[in-house]
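**Q** Those protein sequences? They're chains A and B, same order as listed.
Take 832 as the starting number for the first sequence in my numbering and just add one per residue.
Take 832 as the starting number for the second sequence in my numbering and just add one per residue.
The structure under discussion is supplied below as structure tokens; questions concerning it will follow.
2 protein chains.
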Amino acid sequence: MSANSKQQIIEAAGIVFERYGFKKTTMDDIAYAAGKGKSSLYYYFKNKEEVFEAVVAHEARQLVAEINKAIDASNSAVNKLRSYVNIRMKRFVQRGNLATALNDNFLATFAFIEKIQNNYRDFEVEMIAGIINEGIEKREFKPVDANFTAEAILTCMIGFEVPLLTKTKTTEESVKKINNVIDMFFYGICT
Amino acid sequence: MSANSKQQIIEAAGIVFERYGFKKTTMDDIAYAAGKGKSSLYYYFKNKEEVFEAVVAHEARQLVAEINKAIDASNSAVNKLRSYVNIRMKRFVQRGNLATALNDNFLATFAFIEKIQNNYRDFEVEMIAGIINEGIEKREFKPVDANFTAEAILTCMIGFEVPLLTKTKTTEESVKKINNVIDMFFYGICT
DNA sequence: GTACATTTGGAACAAAATCGTCGAATAAAG
DNA sequence: CTTTATTCGACGATTTTGTTCCAAATGTAC
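What follows is the structure, encoded as structure tokens:
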């Protein structure tokens, strides 16, 4: 099982999925983009959905790396949280196969995406909670329940993703809106 | 035959074609986007290709209007020619169903597109020739054969479209390149 | 070299998608 | 009401697509 070939396929699939979405992308498309025969894909993946999941997982890893970098670059907890939200939203719209995956039945697709995302929810909560805890230590935030607050913020953010999935709105508009909400969180949290 | 419904379909089809290209777009996609039943499309169009042709024709008309506007706004013949080239290239990449129509067999698609475009070639030659003639009258250009020169410029421009069709390059890069060539034309033409 | 595991792709096939047609339903017009 | 324009659901024929199977090719260790 060459990790090289597998990665190659994942990256090729990422490009094609992003262009055409999940439904319209055929295994032939992926194979052609990866420079392999169609049946070779089945040596590395069980089916189309598994390829898609691998792509999403790969992009999620990239996203995490990017977020970590931005977080490290910020000094205050407030800025860390802000960077986190901004990057996450931007990514979700731009490079997101998650977003372009919608084609036919919206609810079915959304459930499909949600299932994949759920694996990362815990991770995200942990990350946000970490930032909040740091903010509490630094006296930037009130001593709230970090996990509970993190859950709330994340849920709120997911709420903002839904209109991004349905209507192809501008990122800016949504970022502006969500920043307002984040501000609300801050003014309720900050000492 | 409601011109309204037909136009509605054409515009919806334009959006879908632009997103997915000719091959990946189904009649269902178009119908859904236009808010009609699939079979209703066949009341207005013979088949998928005819819908596509109507879309391209529609966009061509828009392009012509845009070009005419820009040409009228320019004073010198040199600037008119430059505006013309810039708009044409930009359009070709951005809103061009012509460009996104490529999916599988490149040559077949190209032939398909070429066939449609040929109807407009004469028109374009005439337009360029008009600009050149004006330039000659105003002593901006040498008294060259306007039609022949127009043919040359157009052919040259089509040559620049090919890499735009194959590789998804930036517009800027191509515009820069073609502007260089246009400059070459100028320095060979200008008095 | 042989023996073995890894990797690839051609052929085949069932299931799904898709195009375009037909006829009936509905709306508009006269 | 009669006629005409328009829409849509259902259907058959054909093509596409997802997936499997198997043999060929390639690499690897002895």
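Cβ atoms here follow ideal geometry from the backbone N, Cα and C, with glycine treated the same way.
These figures come from a predicted structure and were not determined experimentally.
Helix, strand or coil, according to DSSP, for B:Phe876 in the structure here?
**A** Indexing the second sequence from 1 puts residue 876 of chain B at position 45. B:Phe876: coil per DSSP, three-state reduction.
**Q** I need the straight-line Cα distance from A:Glu853 to A:Asp859, nearest angstrom please.
**A** Here the question's residue 853 of chain A lines up with position 22 in the first sequence. Here the question's residue 859 of chain A lines up with position 28 in the first sequence. In the sequence under discussion, the amino acid at residue 853 of chain A is Phe, which differs from the Glu named in the question. If I take the Cα positions, the gap works out to 13 angstroms.
**Q** Take B:Lys911 and list the residues in its own chain whose beta-carbon comes closer than 6 angstroms to its own, dropping the five residues that flank it on each side.
**A** By 1-based counting over the second sequence, the position of residue 911 of chain B is 80. For B:Lys911, where only same-chain residues beyond five positions count, the Cβ hits under 6 angstroms are Ile902, Ser905, Ile962.
**Q** Have a look at B:Phe1017 and A:Ile861 and give me their C-alpha separation to the nearest angstrom.
**A** Translated into the one-based positions of the second sequence, residue 1017 of chain B becomes position 186. Translated into the one-based positions of the first sequence, residue 861 of chain A becomes position 30. Roughly 46 angstroms between the two C-alpha positions.
**Q** Would you give the residue range spanned by the alpha helix (DSSP H) that A:Gly868 belongs to?
**A** The residue labelled residue 868 of chain A in the question sits at position 37 within the first sequence. From DSSP, A:Gly868 is part of no alpha helix (DSSP H); its letter is neither H nor E.
**Q** Would you mind reading off the limits of the alpha helix (DSSP H) that contains A:Lys906?
**A** Taking the first residue of the first sequence as 1, we reach residue 906 of chain A at position 75. The sequence shown places Asn at residue 906 of chain A, rather than the Lys named in the question. It is not in any alpha helix (DSSP H) - A:Asn906 carries neither H nor E in the DSSP assignment.
**Q** Throw me the rounded Cβ distance for the A:Met832 and A:Arg919 pair, which I believe falls under 8 angstroms.
**A** Walking along the first sequence from the start, residue 832 of chain A turns up at place 1. Walking along the first sequence from the start, residue 919 of chain A turns up at place 88. Actually they are not in contact, since the Cβ atoms of A:Met832 and A:Arg919 sit about 32 angstroms apart, beyond 8 angstroms.
**Q** At least one CB of chain A closer than 7 angstroms to the CB of B:Lys869: is that the case?
**A** Within the second sequence, residue 869 of chain B is the residue found at index 38, counting from 1. Not closer than 7 angstroms to any Cβ of chain A, the Cβ of B:Lys869 fails to qualify, so no.
**Q** Going along the chain, which residues of its own chain have a beta-carbon closer than 7 angstroms to the beta-carbon of A:Glu955, five neighbours each way excluded?
**A** One-based indexing of the first sequence puts residue 955 of chain A at position 124. For A:Glu955, where only same-chain residues beyond five positions count, the Cβ hits under 7 angstroms are Leu985.
**Q** Residues of chain B with CB under 7 angstroms from A:Lys973, in chain order?
**A** Here residue 973 of chain A refers to the residue found at position 142 of the first sequence. Chain B residues near A:Lys973: none, gap ~47 angstroms exceeds 7 angstroms.
**Q** Relative to the C-alpha of B:Ala908, which candidate in B:Asn1010, B:Glu957, B:Tyr863, B:Lys969 has its C-alpha closest?
**A** As a first step, residue 908 of chain B must be located in the second sequence, where it is residue number 77. Nearest C-alpha to B:Ala908: B:Lys969.
**Q** Write down the C-beta distance between B:Ile913 and B:Ile1013 rounded to the nearest angstrom, noting that I regard them as a contact closer than 8 angstroms.
**A** Locating residue 913 of chain B in the second sequence gives position 82, where the first residue counts as 1. Locating residue 1013 of chain B in the second sequence gives position 182, where the first residue counts as 1. Reading off the sequence shown, one finds Arg at residue 913 of chain B, where the question assumed Ile. Confirmed, about 7 angstroms.
**Q** Output, in chain order, the set of chain A residues within a Cβ distance shorter than 8 angstroms of B:Lys855.
**A** The residue labelled residue 855 of chain B in the question sits at position 24 within the second sequence. Neighbours of B:Lys855 on chain A, chain order: Tyr851, Lys855.
**Q** Return helix, strand or coil for A:Met832, following the three-state DSSP convention.
**A** Counting from 1 along the first sequence, the entry for residue 832 of chain A is found at position 1. It is coil, neither helix nor strand.
**Q** Apart from the five residues on each side of it in sequence, which residues of its chain come closer than 7 angstroms, Cβ to Cβ, to B:Ala843?
**A** Taking the second sequence and counting its residues from 1, one reaches residue 843 of chain B at position 12. The answer, listed in chain order, is Ile861, Ala864, Ala865.
**Q** Between the Cα of A:Ser871 and the Cα atoms of A:Ile840, A:Val916, A:Ala981, A:Glu957, which residue gives the shortest distance?
**A** Position 40 of the first sequence, counted from the first residue, corresponds to residue 871 of chain A. Looking at the Cα atoms, A:Ile840 is the closest of the given residues.
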